[in-house]
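S.K.: Per our numbering, numbering through the sequence shown is continuous, rising by one, with the last residue being 672.
All C-beta atoms, glycine included, are put in the ideal place defined by N, C-alpha and C.
A quick note: this is a predicted structure, and the numbers were derived from the prediction, not measured.
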Amino acid sequence: MRLVIEGLYKTYPGGVQALDDVSLTIEPGMFGLLGPNGAGKSTLMRTVATLQRPDAGSIRLGDLDVLAQPDEVRKVLGYLPQEFGLYPNLSARVVLDHFTTLKGVTGRSERKELVDSLLVKTNLWESKDKAVGGFSGGMKQRLGIAIALAGDPKLLIVDEPTAGLDPTERHRFLNLLAELGRDIVVILSTHIVEDVRELCSSMAIIHRGRVVLEGDPSSVLESARGKVWRRKVSRAELDAYQRDHDVISVRLQAGEPLIHVWSEDTPGAGFHGVEPALEDVYFHEVGEAAARSV
Ligand code: ADP
């Protein structure tokens, strides 16, 4: 099942244009939606998840018209929002038992089988009888995924799931998503570039409601090859370099600024070409988009 988004627009009552002609085609696999805070990621995710309506545009999921058939879409949709509440005293098993009942799995043994398989899949089996109030951030997120999977979704949407997770939890969580992405469409919205580079088969960058780049991470990197240069500069020179070059990032290395510059050919003496990282492309695209919109 593929997801086809066409010409989506949304302006909030306060006048913020959160989606500005967004079109994306998303095939089964893991899709990374990258963008800075306020770019419109949540608005797009919530719209695809039928939780809010756009001003204009269309969304198709396989044969379904998402905007005209929200109830049908909800049957095949799993959505993990940025924040969700759980009754802290209930165990993971009881929580899942509740959600699988809501999803219409009424047979007791069938439900037990499903709940057990969800607990195993999300690596929560050992903690199944513990109160969820005592769960770590990563465990809560994995329980959120188990809940989202209760209805056997064809489309899974996860909004900024790795914020606040420690590296081990983050890896475990992303690996779980990647595994799911083998069979269904998984959309991962994030401002963490590495999450996308590591696991997504395709990606888009959005900025101020517009898609500024779309592709698969390896061809995106390929297209940036030969265009990223680095140089150590002194703090005193930094301003001048920022004025004269397309500086995409500044990092301190042993207290000295190390700059990355985007340039079609060598930007001058002292610069060395580097293998582009997805982060370089991201900063470049977001920087360009920001410059265009002022
Ligand atoms: P992201 O998820 O990328 O951080 P959002 O979709 O949450 O972006 O927000 C996009 C823009 O729309 C932001 O400028 C945000 O302040 C604004 N926005 C989001 N939700 C609302 C709302 N309910 N009412 C008014 N403005 C909103």
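Just reading off the alpha helix (DSSP H) that E592 is part of, what are its end residues?
M.R.: Run containing E592: none in the alpha helix (DSSP H); it sits in the beta strand (DSSP E), R588 to G593.
S.K.: Could you pull out every unbroken alpha helix (DSSP H) segment of at least 4 residues lying fully inside the region 435–477, listed in chain order?
M.R.: 448–453
S.K.: Quick one: measure Cβ to Cβ for L412 and V571, integer angstroms, because I've assumed they're closer than 8 Å.
M.R.: Sure, about 6 Å apart at Cβ, within 8 Å.
S.K.: Going by other Cβ atoms of all chains shown within 10 Å of its Cβ, with 16 needed for buried, is F462 buried or exposed?
M.R.: By the neighbour-count rule (16 or more Cβ atoms within 10 Å), F462 is not buried but exposed.
S.K.: Determine the DSSP secondary structure at T540, reduced to helix, strand or coil.
M.R.: Reduced to three states, the DSSP call for T540 is coil.
S.K.: Pick helix, strand or coil for F551, following the three-state DSSP scheme.
M.R.: helix
S.K.: Of the residues P432, G648 and R560, which one's Cα is nearest the Cα of K532?
M.R.: That would be R560, whose Cα lies nearest to the Cα of K532.
S.K.: Would you say F409 and I565 are within 8 Å of each other, going by their C-beta atoms?
M.R.: yes
S.K.: Runs of 3 residues minimum, wholly inside the region 406–440: which ones carry the beta strand (DSSP E) assignment?
M.R.: 407–412 and 434–439
S.K.: Suppose the cutoff is 6 Å on Cβ atoms and the five residues either side in sequence are ignored; what does the same chain contact list for S436 look like?
M.R.: E384
S.K.: Does the Cβ of L397 have 16 or more other Cβ atoms within 10 Å, making it buried, or fewer, making it exposed?
M.R.: Here L397 is buried: its Cβ has 16 or more other Cβ atoms, across all protein chains shown, within 10 Å.
S.K.: Out of D443, L554 and E592, which has the shortest C-alpha to C-alpha gap to L676?
M.R.: One cannot answer for residue 676 here, as it falls past the ends of the chain, which runs 379 to 672.
S.K.: Could you please give the first and the last residue of the uninterrupted beta strand (DSSP E) stretch that includes R629?
M.R.: V625 to Q631
S.K.: Just grab the DSSP bridge partners of S495 for me.
M.R.: Its beta-bridge partners do not exist; DSSP assigns none.
S.K.: Please list, in chain order, all residues of the same chain as Y457 whose beta carbon is under 7 Å from its beta carbon, the five residues on each side excluded.
M.R.: A427, A526 and I535
S.K.: By how many angstroms is the C-alpha of E663 removed from the C-alpha of V672?
M.R.: 15 Å
S.K.: What do you reckon, is the C-beta of V394 under 7 Å from a heavy atom of the ligand ADP?
M.R.: yes
S.K.: Would you decide whether S580 is buried or exposed? Buried here means 16 or more other CB atoms lie within 10 Å of its CB.
M.R.: buried
S.K.: If you measure between the beta carbons of V473 and L480, is that distance less than 8 Å?
M.R.: no
S.K.: Could you tell me the boundaries of the alpha helix (DSSP H) in which R670 lies?
M.R.: L656 to R670
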